Amino acid sequence: MNWMKYRIIYLIISMVFLSFGIYSLLNWKLNLGIDFSGGVVAEYKLPSGEIKNYRYPAKSDEEVAKIRAELKKDGEELKFETVGPSIGPELIKKTVYALGISALLILIWVTIQFKSIKFGVSAILAMLHDTLMLIGGFSILGHFFGAEIDFLFVTAALTILSFSVHDTIVVFDRIREKQKKEGGELINVVNSAITETMNRSLNNSFTIIFMLLSLVLLGGDTIRWFAIALLIGTISGTYSSPFVAVPLLITWERLEKKFKKSKY
Amino acid sequence: MKKNLLVKIFFIFILAAIAAFISSPWSKYRLKLGLDLSGGSRLTYDVDTSNLNDSDREKAISSLRNVLERRVNLFGVSEPNVLTSTFEGKNRVIIELPGVNNPQEAAALLGKTAQLVFSEVKQDPANGSATPSASLVPTNLTGADLKSADVVFDQNTGKPSVSIQFNEEGSKKFEEITGKNINQPLAIVLDQNMVSAPIVQEKIVGGKAQISGTFTLDEAKNLEIQLNAGALPVPIKLVEERSVGATLGADSIEKSIKAGFVGIIMVALFMILVYRKNGLIAVVALLIFGILTLAVYKLIPVVLTLPGIAGFLLSVGMAVDSNILIFERLKEEIKKRPIADALEVAFGRAWDSIRDANIATLVTAFILANPLDWGFLHTSGPVRGFAITLALGIGISLFTGVVVSRNLMRLLVNERRIKT
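One line per chain: the protein sequences are X and S, in this order. Count along the first sequence from 1, add 891, and you get the number used in my numbering. Count along the second sequence from 1, add 751, and you get the number used in my numbering.
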């Protein structure tokens, strides 16, 4: 099947979704949880069995103590979290460092394994595509359904980063193998590599999606958004391997050839 | 060749049986649960080291840690955890208290500096004004000179107070100071607040004194702990508190076990539906994966948190991926060569992808788990728990997805060959 013939369509699909996300990010920003913004979150079980959630912006210690004493009168304390304003910026910085180091190491690993920077850069760009998809998606979910960006979201984003590359490498690996054995035009090699890995890609994603769906539906409130974040990332990560990373690889190759021709 | 195979399979099942025994609820090994599952509090304090130079800072922080550890132990918490972290010049102490159900009290107890000083009271000569003013002059007798402190009830008032016993040097100082101040008040100052100022009747020998303020019993008990554990060398301030009740933790465990169970059954059904007999092998490999992982969690032990459980479930998805890669490859190779050869070729070829892909995931897990404790990355908390379970999951899945299922399939192929 000539998958690469429709490269422009894949580009449009990605662009449409990404522009929704970016539009939302610019307009509605991210709905930051107390991990980032600072503040108080509490959950209490009332004698009637009802569970009540409370949230306050950052407050002084005395005010927090007062609120807590007040709430404790009404019910049993299930959860009480207070985060100072200095925690958020630190969390963001540490996450950016972790993201940067992981991306760099993966770039190096892929480049060495595939003996070409083309593969490394394409894999990293596909990974950024998935990360942006996830962040944009959560901006939309945050605006309409109150999904919050918290510590767990950061974990999900970093996991998706590795899943995305994991999936891309499997496709790249097949391209490398076919190139070695059969040779020929890259575009033909790529097309048959995608056909051959498509089943595996879909089946693997299905198993992960099953797992995550059951977490979303049955796993309870604490990890619901976390599972949804992983779900978005898994779908985007599966899509991006054949339809973002590989087209990028092909485009790079074409540009390289053109550049070389015009030089002579 | 065939005998060799049987030996391998025998070993795999022995290993699985040992792991099954360890992971069963009857073994002596227990799963270690994190605060979000078992209930408890996590307190983060900022350390104010602005008045210290670099060499003093390190010393102050390590002694701060010791004092806090002693306080937590005296408070009576089992398996507390006191960690320090440094990020861009900011110092933090993180204290994890499992099973504490009055975190406010714990926070108040830990956060107080508890700097005890005995001060002489110097009457300023009354220069015309009606009320004579007095000023406190700190002596060299401080909380550092204490041997022990105990809660007692004042014999006269019946109110809780704290009796203190000085060490040898402290006793000498106390004797000297009381001798100098007969019929004068001697102020007891705690964290720059005067608690009381009893009048010295006579020179006190033996180094015993009593602090009688207006304490409640809890306050007196806290003071006892603080004095026994020593004063904090630097002031600290609570910047983050996360407390989870035991009921919410139990609820989370129940829900994630249910979700995990349903998820694994769906994955197993899917594998059997799509890959039939091979799928069954994948399910056996997956079962062994589950048992081994649980056993490893118990043996290391891994502190299991909610994100950790999610990491485990995600690694289940990745564990089947190795099988899927192999089976898909096998389908292609079977068209080209006899089944036994096809099996070996498929495993060989699939291994390249499995290795490259899993190393990429391990790299991320490594950065997130931060085993070398780099200060600029996450040094504690849920991210780490998640990364550790993910990394273990990948490692174990490489064994079950490749070694276990490969040998099981060889066995299957051999049987088939004998039959035909």
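No residue lacks a Cβ here, since even glycine has one placed at the ideal position from N, Cα and C. Keep in mind the model is a prediction, meaning the values are calculated, not measured.
Check: Boundaries (first-last residue) of the alpha helix (DSSP H) holding GLY1066 of chain X; Outcome: The question names Gly, yet the displayed sequence has Ile at residue 1066 of chain X. Its alpha helix (DSSP H) spans residues 1042-1072.
Check: Proximity below 8 angstroms, CB of LYS988 of chain S to CB of TYR780 of chain S; Outcome: no
Check: Close beta carbons around ILE1100 of chain X, own chain, < 7 angstroms, minus the five adjacent residues each side; Outcome: LEU1122, THR1125
Check: Bridge partner(s) assigned by DSSP for SER994 of chain S; Outcome: X:PHE971, S:SER792
Check: Reference PRO980 of chain X, options X:GLY1033, X:GLY929, X:HIS1034, closest by Cα; Outcome: X:GLY929
Check: Secondary structure, alpha helix (DSSP H): runs of 4+ residues fully inside the segment 951-993 of chain S; Outcome: 968-980
Check: Contacts that LYS985 of chain X makes with chain S (C-beta to C-beta distance below 8 angstroms); Outcome: PHE838, PHE1127, LEU1128, HIS1129
Check: Coil, strand or helix - THR1171 of chain S by DSSP; Outcome: Any reading at THR1171 of chain S must be qualified, since the residue scores a pLDDT of 46, below 50, and its modelled position is unreliable; the value itself is stated next. Looking at THR1171 of chain S - three-state DSSP - the assignment turns out to be coil, as it is neither helix nor strand.
Check: Selection of the segment 1108-1122 of chain X by Cβ proximity to chain S, strictly under 8 angstroms; Outcome: LEU1108, LEU1109, GLY1110, GLY1111, THR1113, ILE1114, PHE1117, ALA1118, LEU1121
Check: Closest by C-alpha distance to THR893 of chain S, when choosing among S:ARG816, S:GLY909, S:LEU867; Outcome: S:LEU867
Check: GLN874 of chain S classed as buried or exposed, judged by whether at least 16 other C-beta atoms fall within 10 angstroms; Outcome: exposed
Check: For ALA885 of chain S, the residue or residues it bridges with in DSSP; Outcome: S:GLN874
Check: Identity of the residue in S:LYS863, S:TRP777, S:ASN1109 nearest ASP942 of chain S by Cα; Outcome: S:LYS863
Check: Within-8 angstroms CB hit, SER947 of chain S to chain X; Outcome: no
Check: Burial state of PRO831 of chain S (16 or more Cβ within 10 Å); Outcome: buried
Check: Coil, strand or helix - TYR945 of chain X by DSSP; Outcome: strand
Check: Cβ distance (whole Å) where ILE1060 of chain X is taken to contact SER1104 of chain S below 8 angstroms; Outcome: 7 angstroms
Check: 7 angstroms Cβ cut-off: residues of chain S touching GLY975 of chain X; Outcome: VAL990, GLU991
Check: Chain X within 8 angstroms of GLY920 of chain S, Cβ atoms only; Outcome: Before going further, note that residue 920 of chain S is Glu rather than Gly in the sequence given. With 8 angstroms as the cut-off, GLU920 of chain S does not count as an interface residue toward chain X.
Check: Closer than 8 angstroms to chain S by CB, SER885 of chain X; Outcome: Absent from the structure is residue 885 of chain X, since the part of chain X shown begins at 892 and ends at 1155.
Check: LYS1170 of chain S versus ALA770 of chain S: straight-line alpha-carbon distance, rounded; Outcome: Residue placement at LYS1170 of chain S is flagged as unreliable, the pLDDT there being 49, under the threshold of 50; the coordinate-derived value follows with that caveat. If you take the alpha carbons of LYS1170 of chain S and ALA770 of chain S, they lie about 34 angstroms apart.
Check: Cα-Cα separation, TRP1125 of chain S to ASN922 of chain X; Outcome: 29 angstroms
Check: Secondary structure, alpha helix (DSSP H): runs of 4+ residues fully inside the segment 1135-1167 of chain S; Outcome: none
Check: Alpha carbon of TRP894 of chain X to alpha carbon of ILE1141 of chain X, nearest angstrom; Outcome: 12 angstroms
Check: Own chain, CB closer than 7 angstroms to GLU920 of chain S, minus 5 neighbours either side, in chain order; Outcome: ASP896
Check: Minimum Cβ-Cβ distance from ILE978 of chain X to chain S less than 8 angstroms; Outcome: yes
Check: Exposure label - TYR1167 of chain X; buried when at least 16 CB within 10 Å; Outcome: Residue 1167 of chain X lies beyond the range of chain X shown here (892 to 1155); nothing can be said about it.
Check: Within chain S, the residues that TYR988 of chain X reaches when beta carbons sit closer than 7 angstroms; Outcome: PHE1127, LEU1128
Check: Touching by the beta-carbon criterion (3+ pairs, under 8 angstroms), the segment 1011-1020 of chain X and the segment 1081-1091 of chain S; Outcome: no
Check: C-beta contact flag for PRO1133 of chain X and VAL1056 of chain X at 8 angstroms; Outcome: no
Check: Bridge-paired residues (DSSP) for LEU1023 of chain X; Outcome: DSSP output for LEU1023 of chain X lists no bridge partner at all.
Check: Whole-angstrom distance between HIS1129 of chain S and LYS910 of chain S, CA atom to CA atom; Outcome: 47 angstroms
Check: 8 angstroms Cβ cutoff, ASP1021 of chain X in contact with chain S; Outcome: no
Check: Minimum length 3: unbroken beta strand (DSSP E) runs contained in the segment 764-826 of chain S; Outcome: 791-798
Check: Continuous beta strand (DSSP E) stretch holding ASP901 of chain S: start and end; Outcome: 897-904
Check: PRO849 of chain S versus ILE1051 of chain S - alpha carbon distance; Outcome: 19 angstroms
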